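Single-structure report; data block below.
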Amino acid sequence: MSSKNIIEAKNLIFTYSDAPDALSGKVTAAVNDISVDIERGSFTAIIGHNGSGKSTLAKLLSGIFVPNSGSVQVYRSDCDMPLDCNNEEHNFDIRKTVGMVFQNPDNQLVATIVEDDVAFAPENLGVEPSEIRKRVDSALETVGLIEYSGHDTHKLSGGQKQRVAIAGILAMNPECIIFDESTAMLDPQGRRDIMDTILSLRKKGVTVVLITHYMNEAAMADKVVVVHDGRVAFEGTPKQVFANKKILSECSLEPPQCSMLIDKLSRFIDCDAPCAINVKEAVEVIEKALAKHGIMPGGEDKNA
Ligand code: ADP
Ligand code: MG
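My numbering puts the sequence shown at residues 373 to 676.
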């Protein structure tokens, strides 16, 4: 199916039956009328403060939860018709198409040996052993852990465990992977490794959805969706989102550090384009400002 979008979610509403105010009858929906499209092959970041509904939305998009109302349609590349979350028979195929990687790597590993862990899901799906071997090797290759095939999962670092979890999802051949704060429990090196893995998956054509608290990670996306109180407060390119101070402050979010730096600098120095969402752009703005003020980048004064 050659739809532009891999996921189309319309008017999703989801309420937890054990929500604290469920007894009073005044239940607040965790996801309260969200519509969102995920373009095939794209990288979408979802940001929002704690409790805003990001994880619930992710579970709706990946078929783990079924909405109280609204719909999620998933367009598999090898199916003529979209899979529909409201059709029970489609649920399993939705989960195979849209994989999820969670926050805590320890909760996601099931076997003591790396390759057994990665093989676990395809084995359960009844995939042929020779095909499983291929998928396990290819998945471990993709996450850069092929030489760890026979290693004990418990002895790996947090970042390596998270990469094993990603390989386990890859072995199911998903077309889209949702990462729910999958870098949150890792040290800076582990976080960088996971981001590199995510970017390389995206290059291979896997659609990526990343839920994150790190604005510099969201700045790498094609589209950022800001979730607030169970609704989409704003959606746009990282530049559009991080330039929108009103929305960020209403949703208790801060722009990436580079944006804050350039924003502060532009109050004292005349900068032409004072918006920067990453280090490269910040350097460009600073270089231009220095040139404009007659100072060459690198500290040389043009007029000297
Ligand atoms: P986020 O991922 O943005 O932190 P969640 O989707 O986890 O937000 O939560 C959205 C809302 O749903 C919050 O108010 C949270 O307390 C509530 N919630 C989340 N999980 C459960 C649950 N298992 N039972 C009851 N309420 C829940
Ligand atoms: Mg969450």
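All C-beta atoms, glycine included, are put in the ideal place defined by N, C-alpha and C. Source: prediction; values computed, not measured.
Exercise for the section: Answer yes or no: the CB of E589 versus the heavy atoms of the ligand MG, is any distance below 8 angstroms? Expected result: Not under cutoff, so the answer is no.
Practice task
Determine the contact status of Q480 and G531, defining contact as a CB-CB distance below 9 angstroms.
Solution key: Contact: no.
Handout entry: Cβ pair count under 8 angstroms reaching 3, the region 405-421 against the region 571-587
Key = Put simply, the region 405-421 touches the region 571-587. At least three CB pairs are less than 8 angstroms apart.
Problem - Rounded C-alpha distance that separates I343 from M544 - result: With the chain covering only 373 through 676, there is no way to say anything about residue 343.
Problem - Any non-hydrogen atom of the ligand ADP within 8 angstroms of S424 CB - result: Yes, Cβ of S424 sits closer than 8 angstroms to a heavy atom of the ligand ADP.
Exercise for the section: Flag S434 as yes when its Cβ comes closer than 8 angstroms to any non-hydrogen atom of the ligand ADP, and as no otherwise. Expected result: No; taking the cut-off as 8 angstroms, the Cβ of S434 has no heavy atom of the ligand ADP nearer than that.
Handout entry: Simplified DSSP assignment, three categories, for N476
Key = Under the three-state reduction of DSSP, N476 is assigned to coil, being neither helix nor strand.
Practice task
Could you work out which residue in E547, R507 and D568 is closest to R535 when comparing CA atoms only?
Solution key: Out of E547, R507 and D568, D568 has the C-alpha closest to the C-alpha of R535.
Problem - Residues bridged to M579 (per DSSP) - result: Note that residue 579 is Thr in the sequence shown, not Met. BP columns for T579 point to C548.
Problem - Cβ-based burial, E589 [other Cβ within 10 Å; buried from 16] - result: E589 counts as buried, since no fewer than 16 other beta carbons sit within 10 angstroms of its beta carbon.
Practice task
Could you check what DSSP says for K506 in three-state terms: helix, strand or coil?
Solution key: Looking at K506 - three-state DSSP - the assignment turns out to be helix.
Exercise for the section: Give me the Cα-Cα distance between I634 and V657, rounded to the nearest whole angstrom. Expected result: Rounded to whole angstroms, I634 to V657 spans 8 angstroms at the Cα level.
Practice task
Could you tell me the distance, in whole angstroms, from the CA atom of H523 to the CA atom of A537?
Solution key: Straight-line Cα distance between these residues: approximately 14 angstroms.
Exercise for the section: Go to N463, then tell me how far its alpha helix (DSSP H) extends in each direction, as first and last residue. Expected result: Start and end: N463 to T469.
Practice task
State the DSSP-derived secondary structure class of G530, mapped to helix, strand or coil.
Solution key: Helix at G530.
Problem - G526 burial status per 10 Å Cβ neighbour count (16 or more: buried) - result: Correcting the residue type first, residue 526 is His in the shown sequence and not Gly. Under this definition H526 is an exposed residue.
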